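The listed protein sequences derive, respectively, from chains A and B.
Counting in full-length UniProt numbering, the first sequence runs from 1 upward without gaps.
Counting in full-length UniProt numbering, the second sequence runs from 1 upward without gaps.
Protein chains: 2
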Amino acid sequence: MANIHDIAKASGYSVSTVSRVINHRKYVTDQVRQRVEQVMRDLDYVPNAVARDLSTGKTHNIGVVLPHSQHPYFTQITNGVMEAAFAAGYRVVLLPSKYDERVERHYLEQLRQRAFDAVIFTSRGVPLSELARDDAHKKMGRIVCCENPGDLPLSAAFTERNSTYETAFEWIKKRGYKRIGMLLSREYALSATSQAMIEAYKDVFHELPRPELVRTSVVNNQDGYDSAQYYIDNDLQPDFIFGNGDDIVANARQCYLDHGLVVPGLMGQEHQLSSTLLHIPTIDHHFNEVGRRAFELAVSDHVAQRPVASTFIDVDE
Amino acid sequence: MANIHDIAKASGYSVSTVSRVINHRKYVTDQVRQRVEQVMRDLDYVPNAVARDLSTGKTHNIGVVLPHSQHPYFTQITNGVMEAAFAAGYRVVLLPSKYDERVERHYLEQLRQRAFDAVIFTSRGVPLSELARDDAHKKMGRIVCCENPGDLPLSAAFTERNSTYETAFEWIKKRGYKRIGMLLSREYALSATSQAMIEAYKDVFHELPRPELVRTSVVNNQDGYDSAQYYIDNDLQPDFIFGNGDDIVANARQCYLDHGLVVPGLMGQEHQLSSTLLHIPTIDHHFNEVGRRAFELAVSDHVAQRPVASTFIDVDE
DNA sequence: TTGTAAGCGTTATCAG
DNA sequence: CTGATAACGCTTACAA
Numbered sequence: 001m002a003n004i005h006d007i008a009k010a011s012g013y014s015v016s017t018v019s020r021v022i023n024h025r026k027y028v029t030d031q032v033r034q035r036v037e038q039v040m041r042d043l044d045y046v047p048n049a050v051a052r053d054l055s056t057g058k059t060h061n062i063g064v065v066l067p068h069s070q071h072p073y074f075t076q077i078t079n080g081v082m083e084a085a086f087a088a089g090y091r092v093v094l095l096p097s098k099y100d101e102r103v104e105r106h107y108l109e110q111l112r113q114r115a116f117d118a119v120i121f122t123s124r125g126v127p128l129s130e131l132a133r134d135d136a137h138k139k140m141g142r143i144v145c146c147e148n149p150g151d152l153p154l155s156a157a158f159t160e161r162n163s164t165y166e167t168a169f170e171w172i173k174k175r176g177y178k179r180i181g182m183l184l185s186r187e188y189a190l191s192a193t194s195q196a197m198i199e200a201y202k203d204v205f206h207e208l209p210r211p212e213l214v215r216t217s218v219v220n221n222q223d224g225y226d227s228a229q230y231y232i233d234n235d236l237q238p239d240f241i242f243g244n245g246d247d248i249v250a251n252a253r254q255c256y257l258d259h260g261l262v263v264p265g266l267m268g269q270e271h272q273l274s275s276t277l278l279h280i281p282t283i284d285h286h287f288n289e290v291g292r293r294a295f296e297l298a299v300s301d302h303v304a305q306r307p308v309a310s311t312f313i314d315v316d317e
Numbered sequence: 001m002a003n004i005h006d007i008a009k010a011s012g013y014s015v016s017t018v019s020r021v022i023n024h025r026k027y028v029t030d031q032v033r034q035r036v037e038q039v040m041r042d043l044d045y046v047p048n049a050v051a052r053d054l055s056t057g058k059t060h061n062i063g064v065v066l067p068h069s070q071h072p073y074f075t076q077i078t079n080g081v082m083e084a085a086f087a088a089g090y091r092v093v094l095l096p097s098k099y100d101e102r103v104e105r106h107y108l109e110q111l112r113q114r115a116f117d118a119v120i121f122t123s124r125g126v127p128l129s130e131l132a133r134d135d136a137h138k139k140m141g142r143i144v145c146c147e148n149p150g151d152l153p154l155s156a157a158f159t160e161r162n163s164t165y166e167t168a169f170e171w172i173k174k175r176g177y178k179r180i181g182m183l184l185s186r187e188y189a190l191s192a193t194s195q196a197m198i199e200a201y202k203d204v205f206h207e208l209p210r211p212e213l214v215r216t217s218v219v220n221n222q223d224g225y226d227s228a229q230y231y232i233d234n235d236l237q238p239d240f241i242f243g244n245g246d247d248i249v250a251n252a253r254q255c256y257l258d259h260g261l262v263v264p265g266l267m268g269q270e271h272q273l274s275s276t277l278l279h280i281p282t283i284d285h286h287f288n289e290v291g292r293r294a295f296e297l298a299v300s301d302h303v304a305q306r307p308v309a310s311t312f313i314d315v316d317e
């Protein structure tokens, strides 16, 4: 494979001139440019991307850490990042983590090695303080997380859920529901989302949700079905189910239908197709937008926070 | 940021020795290794990944070209590639294309520039012959496609659908269905999948499918619902619907239910949760496995084909 | 076991 | 407008 020196030699010009031609710089006569381009074509030359990256100190790669790849939360954020990255001439590198902290630290290490210009944590196992600390050192590229980092000096793009959750619970309360089943992804202690949901519940109902009606580790559609099965088997009879995804709620509903039971009131999240089809209210967290914002922060020089307001979507009466 | 020379200087050893320590090579005294590692820690040194890539001529990056990111076909293949890549110490770079041939060629160009070690086309707009030609040149990394390339010298991992489709249509025929609605992603001319479905239909029924019952451009759940709506609005009354995805078929079913009409026989694809819940037969194309195989080919020196048998999944009677 | 020096292929600085 | 030459940071023959 020909390199820039071969082109210089064959064209009779210097490597600097060839480099200028490659990068469409000014200060090259049209004559010279034509000639050099001709030689590049003749020798079937293409510049080496890695050498450029080394020389410029940029890779144009953005790593996206993904605990898993099924939940719409992750796919939507990833899509948002990808769209913004594509538009800006950057690439997205997938970094599966399964919440394994050693793997996450491995990616931080790769960031320090300049394998990427930045890393976006869609979620994480390592403490936020650790991410903030490493970023502060500035020996590595930028780190962006997708949750509210509070006072930590850490870039973040995330949905502002609290007020929307309150709106949602007001909606539920107004309609007289009392026994609210809640389907959560992760435990209260581990998840900012779960915390936000439960805090909003407390603010609206002035009490804690009934522990027996709160299901955690509800991640996929089957879990949604199983949650309903659990309510039925244990005769818990929630009169309303607020789930962490439209499809999950839809599958819970299916369970009631399969048993010939009356379906409780329902509310989903994510604004998937099923909420529209079933005419149930939902919450759109605009994760796509979160992804776009996360990318902007990833390529920005400043540490900043970008909250994205989520939207409560009522049913058409 | 310290580099390998700084470490050499500070430790009193040469860069080659430092390099040996970094790469855990033999032929370094434990004493020396200890000392060098101490200095690396002291100076907070990490080797530069890009410099290594340039020196070794490998990036450990595998590009995956994705026309779009919603359909389970693409997400499953991508997941398969990602799992295999992770296990082998490679990274997956997302390359969105929207079937735009200029964008696809841009990625081929980046491959030639050695931005990736290989590129996997989950689907493509450019002719296969073009991919085969470029790969043959060997001036670039490997190219892998995810469909049967026939006689072309091109690496490929793909599902062997034909015999499974025949099994599926035999199943349908045996149960006496006559008016078969088919939901396809892309037109016959453009899609190997659509062709395989229709060929299998011909082989089993000894006639072409009724054109008015064949719907194309059915990609998402809403399209599934709309297809049923189309059948209803035009009074076409298929007695069976064979769709290109379980969820899509489930949404078609929902349309019939919403209209209070009797639901035709149903068969899905992809083996998603909905087929299990609705007790309808489906086909598992094992796209995850296709992704894994595609990765293996991407890092292999040889051009090879890896067909993956798809599976017809009957309902539990 | 350790060191020297030549790559790897660009970009960037500074003269001319 | 063009050209030397020094980075960029590491790997790897080849010597010693």
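Ideal Cβ placement from N, Cα and C applies to all residues, glycine included.
Note that the structure is predicted; figures quoted are calculated from it, not measured.
| Check | Outcome |
| --- | --- |
| CB contact below 9 Å: residue 53 (chain A) versus chain B | yes |
| Bridge partner(s) assigned by DSSP for residue 266 (chain A) | A:241 |
| 4 or more residues per run - each alpha helix (DSSP H) lying fully within the segment 118 to 156 of chain B | 128 to 137 |
| Within-9 Å CB hit, residue 119 (chain B) to chain A | no |
| Residue-chain proximity (residue 287 (chain A), chain B), Cβ-Cβ < 9 Å | no |
| Residue 386 (chain A), buried or exposed, once every other Cβ within 10 Å from all chains shown has been counted against 16 | The shown model of chain A, from 1 to 317, leaves out residue 386 (chain A), and the question about it has no answer. |
| Beta-carbon gap between residue 10 (chain B) and residue 43 (chain B) smaller than 9 Å | yes |
| Chain-ordered residues of the segment 212 to 243 of chain B with a beta carbon less than 8 Å from chain A | 220, 221, 222, 225 |
| Partner residues on chain A for residue 104 (chain B), Cβ-Cβ distance less than 8 Å | Under the 8 Å cutoff, chain A gives no residues; its nearest Cβ is about 13 Å from residue 104 (chain B). |
| Interfacial residues, the segment 86 to 105 of chain A to chain B, with Cβ spacing under 8 Å | 86, 91, 92, 93, 94, 95, 96 |
| Where the alpha helix (DSSP H) containing residue 223 (chain A) begins and where it ends | 221 to 233 |
| Residue 239 (chain A) beta carbon less than 9 Å from that of residue 211 (chain A) | no |
| 9 Å Cβ cutoff, residue 75 (chain A) in contact with chain B | yes |
| Closer than 9 Å to chain B by CB, residue 282 (chain A) | no |
| Where residue 127 (chain B) meets chain A, residues with beta-carbon distance less than 9 Å | Residues of chain A passing the Cβ test: none, with the nearest at roughly 21 Å. |
| Cβ pair residue 58 (chain B), residue 151 (chain B) closer than 9 Å | no |
| 8 Å CB neighbourhood of residue 159 (chain A) in its chain, flanking five on each side removed | 285, 286, 287, 290, 307, 308, 309, 310 |
| Nearest to residue 196 (chain B) (by Cα), restricted to the options B:161, B:177, B:226 | B:161 |
| Residues that residue 198 (chain B) bridges to, as DSSP identifies them | According to DSSP, residue 198 (chain B) bridges with nothing at all. |
| For residue 253 (chain A), the three-state DSSP class (helix, strand or coil) | helix |
| Rounded C-alpha distance that separates residue 113 (chain A) from residue 52 (chain B) | 10 Å |
| Option nearest residue 166 (chain B) by Cα separation, candidates B:122, B:205, B:187 | B:205 |
| Which of helix, strand or coil DSSP assigns to residue 20 (chain A) | helix |
| Buried or exposed by the 16-neighbour rule on C-beta atoms within 10 Å, applied to residue 39 (chain B) | buried |
| Proximal residues of chain A, C-beta to C-beta of residue 59 (chain B) below 7 Å | 50 |
| Beta carbon of residue 49 (chain A) nearer than 9 Å to that of residue 110 (chain B) | yes |
| Contact under 9 Å by Cβ, residue 69 (chain A) with residue 220 (chain B) | no |
| C-beta atoms of residue 61 (chain B) and residue 93 (chain B) nearer than 9 Å | yes |
| Selection of the segment 254 to 275 of chain B by Cβ proximity to chain A, strictly under 7 Å | 254, 273 |
| Min CB distance residue 208 (chain B) to chain A below 9 Å | no |
| Near-chain B residues of the segment 190 to 208 of chain A - C-beta to any C-beta below 9 Å | none |
| Cβ-Cβ distance between residue 232 (chain A) and residue 180 (chain A) below 9 Å | no |
| Cβ neighbour criterion (16 or more within 10 Å) applied to residue 127 (chain B) | exposed |
| Helix, strand or coil at residue 209 (chain B) [DSSP, three-state] | coil |
| Chain B contacts from the UniProt domain "HTH lacI-type" (2 to 56) of chain A (Cβ-Cβ distance under 9 Å) | 44, 46, 47, 48, 49, 50, 51, 52, 53, 54 |
| Same chain, Cβ closer than 6 Å to residue 142 (chain B), neighbours up to 5 away in sequence not counted | 118, 298 |
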